[in-house]
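Going down the list, the sequences are from chains A, B and C. Note that this note's numbering gives residue 308 to position 308 of the first sequence, counting from 1, and the numbers run on in steps of one. For any residue, its number in this note's numbering is found by taking its place in the second sequence, counting from 1, and adding 446. For any residue, its number in this note's numbering is found by taking its place in the third sequence, counting from 1, and adding 722. Glycine included, each C-beta is placed from N, C-alpha and C at the ideal position. Owing to the predicted nature of the structure, the values given are computational and were not obtained by experimental measurement. Below you'll find the structure, written out as structure tokens, and then a few comments.
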Amino acid sequence: MNRRKTFLRTSGVAAVAAVALLTSACSGGSGGGANESRPDNELHIAVYGDAAASAEQAAADRFNETSDVKVVVDSLPGDDTYPTAVRTSLGTANAPDIFMSWGAADIQQLVDAGAILPLDDFIAQVPELKSSFLPSVFDGEVIDGVSYGIPMRGVAPTFLFYNKSVLADAGLEPAASWDDLVSQSATLADSGVIPVALAGADKWPTQMWFQYAFARQIGNEQVAKGLAGDAEVWASDGSKKALDDLSGLIGDGAFGATFDSVGYSNQGTTALLSQGKAAYELMGTWNYATLAAADPTFAAEDLGWIAFPSLDGGEGKAGEIAGNLSNYYNVAADTRYPEVARDFLKELYSDDFVKDELALGNLPPTVSAGDFIAADTTIDAQKKEYLTFVFDLVQNAPSFQLSWDQTVPTASKTGLQDAVAGYFNGSLDSAAWITQMQALTAPAGQ
Amino acid sequence: MATRTLARPNWIGGSFAVAWLLIILLPVYLMVRAALESRAAYTSGGPLAPPTEFTLENFGLSFELGFGHYLLNAAIITVGTVAIVLVLVPPLAYAIVRSRSRGVKTVFRLLLIGLAIPAQVVVIPLYYLINSIGLYDSLLGVILPTAAFVIPLTTLILTGSMREINNELYEAISMDGAGPIRTFFTLVVPLSRGGIATIIVYSALNAWNGFLLPLILTRSPEVMVATVGLSSFRQQYSVNIPGLMSAVILTIIPIFVVYLFARRSLVAGLMGVGGK
Amino acid sequence: MSRVVTREHVQTRSAASFEERGDIRRTGGPRLTGRPGFLWSVPAVLYFSVFALLPLVFAVYLSFTKYNGIRVAPPVFVGTANWERLFSDPGIAQSIGVTLALVVLAVVTQIPLGVLTGVWAAGRQRWRAVVVALYFIPLLMSTAAVSVLWGSLLDPNFGLPAALPWLFGDGNLLGRQWSAIAVIVFIYLWGASPLYTLIFQGAARGIPAVLYQAAQIDGAGRARQFFSITLPQLRNTIVTTTILIVVGTFTAFDIILILTRGGPSNGTAILPFYMYQQAFISFDLGYGSVIALVLVVLCAIVSLVMVRLTGYDKMDSSQEGI
């Protein structure tokens, strides 16, 4: 007994000490002011380390030619773990000065914590930091009138990709309306083709169908209200109609029977479309690069794209789009060299950076991108046509609906993906789905 | 032992083993084929198709991205982890098996709790800890916690193997007047080499395949490991499958070669993990 | 920092006092000479405490706070709110159920396969050695690659289901809970069994040949030899391996993360996956820590029961007293 007591006492002391140590480490940094423990004459950028990071590396190299304070590129793996790595380090001497984010909902908690720098002073000093970008995209990280992020990488609306041969063989023209889509689905399914390729295993592609069904039926403005917590939006007649539209398509076999087992990252839908086993796919801008890499011949000869069809009688405005706005670069609140950070951000609208992004197949959210596409002689005609299409789509859209899982608070993100997948596989009916959405978007608290 | 090679060939066992081998090799085949094809050829063929192309460009890309260096880092982390485990675990297992101290019993229960600490839960405090002792962004900073997380299981394995040592041997050696230190080195360690071989394999595999700890505890390319470097083949929404597979093959080859050379002694060592 | 020193100091002191008492006992009889004292376990215990238990203690603390992982916004104490949420969360019960099912299925598939392939591999023919060497490869493949490869192979339109419809039906393997679990169990089996093949191979070779010779003289066939000699002789190895499998299945979720994302309808959302979602996608580290602790406790209970049932926890050599 005695020894057990000793042990308990020992572990008790250890536990208290542990918590004390770690919490003090935890509350270490404070929000404002330069952190002098950061490295001398270095500005660290946490690059989202995927295949598109080369443009940011090149920007850093250009910047370092003239700067005394050197930009150091730290490549974090480009996957789900990136935000964790950033959050964990902010406030320590090893934190990045500049890091990437995905829009207002993504940075809200960082803003609340005072961990990122408001950029309004920078913009007052260098107005181009704001004026160089498409306003609809730049506003994606303006919170309560304060700007926090500078757009970078590509703007990525979603729209329909299709296989020209498959449609031609079935005697069809690309769908111009939702009704077209429904009737074509029947025709295509009869001829043994999956009308629409859907990577249901990944869940987020499923969400794209909701975004357009709702955009067309009730309009982006209402969707935004709903996502901001207006429960009535989800229970409205328009919302129920949109759900019926979707279940109609699902019931008609528009997505085939096995979409729950098809993935995007293992090229499941890529192969369906490129090998003519499916006619359409609703995907983001990046899909062109994916298809072109996976099957260049198909991309050059048989790949077509159109804006998402309109809906007769829907309340959405013509030309409204949905998808991912862009990525943004943010600055840590305690950066040691704010002026250097400001100057580096100027690279994000530089000619070289825009060209590099275009070469990667990204459409930079800069006002100048359209002219660059037209003037660039290094990209081939088809790619030029494609990029112009995307640029015009964004430019002419009355509004841009940001992907739902990037709009709701982070705590609701996975619940939202589960809800859309659940409706598609039949485990949630429309009433249950509406209740779920109301709970997931409910304001305040979790 | 000679009897294991029975006169009659074991047809049932043989066919079963070969069938399982085919299942084992199916993804391996796909991996090798993908790595040796262009992205276009890989997609058009589908996963079950025969190879249609041969190119080394994927491997070239992998080396260009620095995988040679990443592999070296992974090797250092693996060796370091195994070394720490070998220093700490055998004495602990010996104490658990032979000590009469009640404290050791408590230690054993403590280890059972530690068995299932998922690294994900503790990465954040670990980050603070490694940061505060100045080891952030260093290989040592990855080695230390990696070794800690394999201690419970490796101890359990080794305890199992040490328990098999016959008590008479202990009595004999203590009659000789041997203290715990001599007993440990001349009796316990040689007789539990099966368990030791197992814990080497187990901790090496863990260190080599580790992802989360190096991810959170490092940031410079100089200390990046191969598992983390694999993300260079991803884009936000897609993967360059042939490129990824070529890099994975590069991570497999070195340790597979080591395994081939060490196999004989490994299996000999594994004789009697828990057995007699 | 000084607090840490204090803690170590306390622990070392208590270690010393254990040692002292051990010494007193030791004088009691000759049987006890040569036994290691508590001191032998101190380095490993200290090391493990600093790098694993200390962070775990922090997780216990976090479970009583609201924290979103941002270091400059310290955790806020919220009492037992997160723990209360545990009991009203319908996801938890389902998640525990799926986790336990997966653990049981992993054990009942991996042990038999490991024993069979291991015993077979114990034979000395050269071609067996080649086969066994190839068995090793899955252990070295990163989960990122494994998920992509099996995702492609199990694709309903291009993979095995399309080639073998009589076996896979419509091929919607990830669309139903039972088949999605079956897929996960199979991939675990594929990826983990090579280690167990290796362990059982070594163990089987360690079985004394005289036992088989005696059985042959008795006229026992191969099957009877397997059940009356091989299996009993492998008992301890089976226990060790079972613990390895249980712990591995309780903590791993990367394949689920990439392949099914917990779907369909959370049908494969095992506890560690659920914890990961809460802590690192939703950034609710308070609740994530609660789930993690449930996981730690659950796994400790299962290990403890297993260790008890099998007599594995006897401190002394199993030979002692025979």
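| Item | Value |
| --- | --- |
| Counted within 10 angstroms of its Cβ, other Cβ atoms place G422(A) as buried (16 or more) or exposed | buried |
| Residue burial classification, L953(C) (beta-carbon count within 10 angstroms, cutoff 16) | exposed |
| Opening and closing residue of the beta strand (DSSP E) in which D458(A) lies | As displayed, chain A neither begins before 1 nor continues past 446, which places residue 458(A) out of reach and without an answer. |
| Cross-chain neighbours of T489(B) in chain A, by beta carbon under 7 Å | Q267, T270, A271, S274, A294, D295 |
| Contact between the region 826 to 833 of chain C and the region 875 to 884 of chain C (3+ Cβ pairs under 8 Å) | no |
| W888(C) burial status per 10 Å Cβ neighbour count (16 or more: buried) | exposed |
| Where Y705(B) meets chain C, residues with beta-carbon distance less than 7 Å | F858 |
| Proximity of P151(A) and N327(A) at Cβ, strictly below 9 Å | yes |
| Three-state secondary structure assigned by DSSP to I143(A) | strand |
| Cross-chain neighbours of L76(A) in chain B, by beta carbon under 8 Å | L661, R665 |
| Pair within 9 Å by beta-carbon distance, F773(C) and F657(B) | no |
| Below-9 Å beta-carbon distance, T435(A) vs any chain C residue | no |
| Rounded straight-line distance, which links the Cα of T632(B) to that of A926(C) | 25 Å |
| CB contact check: D1006(C) to chain A, cutoff 9 Å | yes |
| Separation of V694(B) from P536(B), as counted between CA atoms | 33 Å |
| Proximity winner among W762(C), L933(C), Q955(C), relative to Q923(C) (alpha-carbon distances) | Q955(C) |
| 9 Å Cβ cutoff met for L282(A) and M208(A) | yes |
| Local conformation of Q401(A) per DSSP, three classes | strand |
| Cα-Cα separation, G415(A) to V969(C) | 28 Å |
| Stretch-stretch touch, CB-based, cutoff 8 Å, three pairs: the region 123 to 139 of chain A with the region 305 to 312 of chain A | no |
| Beta-carbon neighbours of D302(A), restricted to chain B and to distances below 8 Å | Going along chain B, no residue has its Cβ under 8 Å from D302(A), so there is no contact; the nearest lies around 13 Å. |
| Minimum Cβ-Cβ distance from A411(A) to chain E less than 9 Å | No chain E is present in this structure, whose protein chains are A, B and C. |
| Where A439(A) sits in the DSSP three-state scheme | helix |
| Runs of alpha helix (DSSP H) wholly within the region 75 to 161 of chain A (minimum 4 residues, chain order) | 82 to 89, 104 to 112, 120 to 125, 128 to 131, 135 to 138 |
| contact_flag[the region 985 to 999 of chain C, the region 814 to 828 of chain C] where n(CB pairs < 8 Å) is 3 or more | yes |
| Span separating the alpha-carbon of T258(A) from that of D892(C) | 7 Å |
| Contact check, G641(B) vs A539(B), beta carbons under 9 Å | yes |
| Anticipated Cβ contact below 8 Å, F372(A) with K355(A), distance rounded | 7 Å |
| Any C-beta of chain C under 9 Å from that of S27(A) | Annotation note: pLDDT 46 at S27(A) (below 50); position unreliable, coordinate value reported separately. Judged by the 9 Å Cβ criterion, S27(A) is in contact with chain C. |
| A231(A) beta carbon less than 9 Å from that of Q438(A) | yes |
| Nearest to S692(B) (by Cα), restricted to the options E617(B), S649(B), E503(B) | E503(B) |
| Proximity below 9 Å, CB of L602(B) to CB of L661(B) | no |
| Delimiting residues of the alpha helix (DSSP H) encompassing L602(B) | 585 to 608 |
| A199(A) - containing beta strand (DSSP E), residue span | Here A199(A) belongs to no beta strand (DSSP E), and DSSP marks it neither H nor E. |
| Of the listed residues I107(A), S399(A), A332(A), nearest to D144(A) (C-alpha basis) | I107(A) |
| The region 581 to 598 of chain B in contact with the region 511 to 527 of chain B per 3-pair CB rule at 8 Å | yes |
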